[in-house]
Amino acid sequence: MFKFERRAEIGAVLGALLAVMAREAFAPGEWDAVAPVPLHRSRRRLRGYNPAERLARPLARRLGLPLLRRALRRTRPTPPQTGLPRRERLRNVRGAFRAPRPGRVQGRRILLVDDILTTGATAAECSRELLRAGAASVDLITAARSFPDRFDSPGNRPVE
Numbered sequence: 104m105f106k107f108e109r110r111a112e113i114g115a116v117l118g119a120l121l122a123v124m125a126r127e128a129f130a131p132g133e134w135d136a137v138a139p140v141p142l143h144r145s146r147r148r149l150r151g152y153n154p155a156e157r158l159a160r161p162l163a164r165r166l167g168l169p170l171l172r173r174a175l176r177r178t179r180p181t182p183p184q185t186g187l188p189r190r191e192r193l194r195n196v197r198g199a200f201r202a203p204r205p206g207r208v209q210g211r212r213i214l215l216v217d218d219i220l221t222t223g224a225t226a227a228e229c230s231r232e233l234l235r236a237g238a239a240s241v242d243l244i245t246a247a248r249s250f251p252d253r254f255d256s257p258g259n260r261p262v263e
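If you're matching positions, the sequence shown starts at 104 in our numbering and goes up one per residue.
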């Protein structure tokens, strides 16, 4: 609903909930800045917004941290990850992110924000690039976790 039905306003609520969860799960002062996983400009134009950024903005505000909207840039469009097996997801995003200005993240402890974690391919590639650019550490927070193989065995089916 939030991502595919253009319900961007849901991001404010989810982002606020993520802030509550982050405060409960981590020590105060754990991060220096918040950075959303970027969309390629063509996908952003098509969707009208970046779901990760819609989560990151209220999260950063409630944690009292700067939001680094452009800490990462998606360097090329990639096919949607939905439905791809892990190996293809990894290949799909390899080299797809760059930190255009490493000074923005240099020495900072970054809280990376994405909407959904499935295999971790996107988060791993973004983290790798942030660390390459000099970030001191990268932690990940997401609004949802997908379990793609959960319903592959007999008797397991999604709730309708």
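We put the CB at the ideal spot given by N, CA and C, even for glycine.
The structure presented is a predicted model; accordingly, all values stated were derived computationally and were not measured.
| Query | Result |
| --- | --- |
| Between the CA atoms of P154 and V241 - distance to the nearest angstrom | 19 Å |
| Within the stretch 113-165, ranges of the alpha helix (DSSP H) (whole runs, at least 4 residues) | 113-128 and 144-150 |
| Spatial neighbours of I244 in its chain, beta-carbon cut-off 7 Å, leaving aside the 5 residues before and after | L121, A125, L214 and V216 |
| Separation of I113 from F105, as counted between CA atoms | Residue confidence is low: F105 scores 45 on pLDDT, short of 50, so the model does not pin down where it sits. No coordinate-derived value is stated. |
| Counted within 10 angstroms of its Cβ, other Cβ atoms place L149 as buried (16 or more) or exposed | exposed |
| In chain order, each alpha helix (DSSP H) run of at least 4 residues that lies wholly inside the stretch 216-257 | 224-235 |
| Length of the line joining the Cα atoms of S145 and P180 | 7 Å |
| Alpha-carbon spacing of G132 relative to R192, whole angstroms | 33 Å |
| Span of the alpha helix (DSSP H) around L170 | Premise fails: L170 is in no alpha helix (DSSP H) and is neither H nor E. |
| Option nearest Q184 by Cα separation, candidates T178, R176, R194 and L175 | R194 |
| Whole-Å CB distance - R176 paired with P203, under 8 Å assumed | 5 Å |
| Extent of the continuous alpha helix (DSSP H) to which R207 belongs | Premise fails: R207 is in no alpha helix (DSSP H) and is neither H nor E. |
| Range of the contiguous alpha helix (DSSP H) that encloses R190 | R189 to V196 |
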